[in-house]
Amino acid sequence: MTTEATAKAFFSSPYFSVVGASSNPAKFGHKIFAWYIAHSIPATPINPGSSSIAISGKDYATVPTLSALPHPKETSVSIITPPAATLKVLKEAKELGIPAVWLQPGTFDDEVLKFAYSKGEDGYGGEVVAGDGGRGSEGWCVLVDGEKAMRAAGKL
1 MTTEATAKAF FSSPYFSVVG ASSNPAKFGH KIFAWYIAHS IPATPINPGS SSIAISGKDY
61 ATVPTLSALP HPKETSVSII TPPAATLKVL KEAKELGIPA VWLQPGTFDD EVLKFAYSKG
121 EDGYGGEVVA GDGGRGSEGW CVLVDGEKAM RAAGKL
C-alpha cells in the first residue's frame, strides 16, 4: 500500500522521467511533465511517437522507452498510460532496475496493481506510488501530492 514514506522515496531519486509525456495541454501527460518543469525538476519525457514535446513554448527532447534513459537505476518514473501499456512499462522498469514508479490515476487496473505490488519473479519489486490514498479524491497524484512528497525528500 502506498504511504507518505513511499512517495518520499519516489522523490529521493536523482533523476526523473515521465512516460506518456505529451505536447497536448488537455492531456495529463502534458500536465504532469509541466508540473516537473514548473518545480525545476529535470525530467526526461518518454514518448515513442514524437522526438520532442513542447511545454510553455519550449521543446524538450524525448526518448522512446525507459531503456533509452541514461541512468535507469537512479530514475523514478511517473507513468501516464492506459493500463495495458502501463503493465508493459512496469515490466521494462523491472528489467532495468528502475527504483520507483508513480502510477497516476487511470493508469492501472487490478492486474497492473497486482504486478506493481508483487515482489520477486511475479512482480515489479520497486517502490510504487498508486491507488487509494493521497490528498485527492482519485488517489495518489503528482499534481496533488507531489509537493508534500518533495518536501519530505528535502527537494522543496
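Okay, so the sequence shown: first residue is 1 according to UniProt numbering, each after it adds one. Cβ coordinates follow ideal geometry from the N, Cα and C atoms, glycine included.
- Ala54 versus Thr75: straight-line alpha-carbon distance, rounded: 22 Å
- Message: Once DSSP output is grouped into helix, strand and coil, what is the label at residue 172?
- Response: With the chain running from 1 to 156 in the structure shown, residue 172 is simply not present.
- Item | Under 9 Å between C-beta atoms of Pro45 and Tyr60 | yes
- Ser67: buried (16+ other C-beta within 10 angstroms of its C-beta) or exposed? exposed
- Message: Ile80 and Ala21 - do their beta-carbons sit closer together than 9 Å?
- Response: yes
- Query: What residue ranges within the UniProt domain "CoA-binding" (10-107) form continuous alpha helix (DSSP H) runs of no fewer than 4 residues, ordered along the chain?
  - Reply: 28-38, 83-96
- Query: Near Gly139, what residues of its chain come up, given a Cβ to Cβ distance below 8 Å and the 5 sequence neighbours on each side ignored?
  - Reply: Pro105, Ala130, Gly131, Asp132, Gly133
- Reducing DSSP to helix, strand and coil, say where Glu127 ends up. strand
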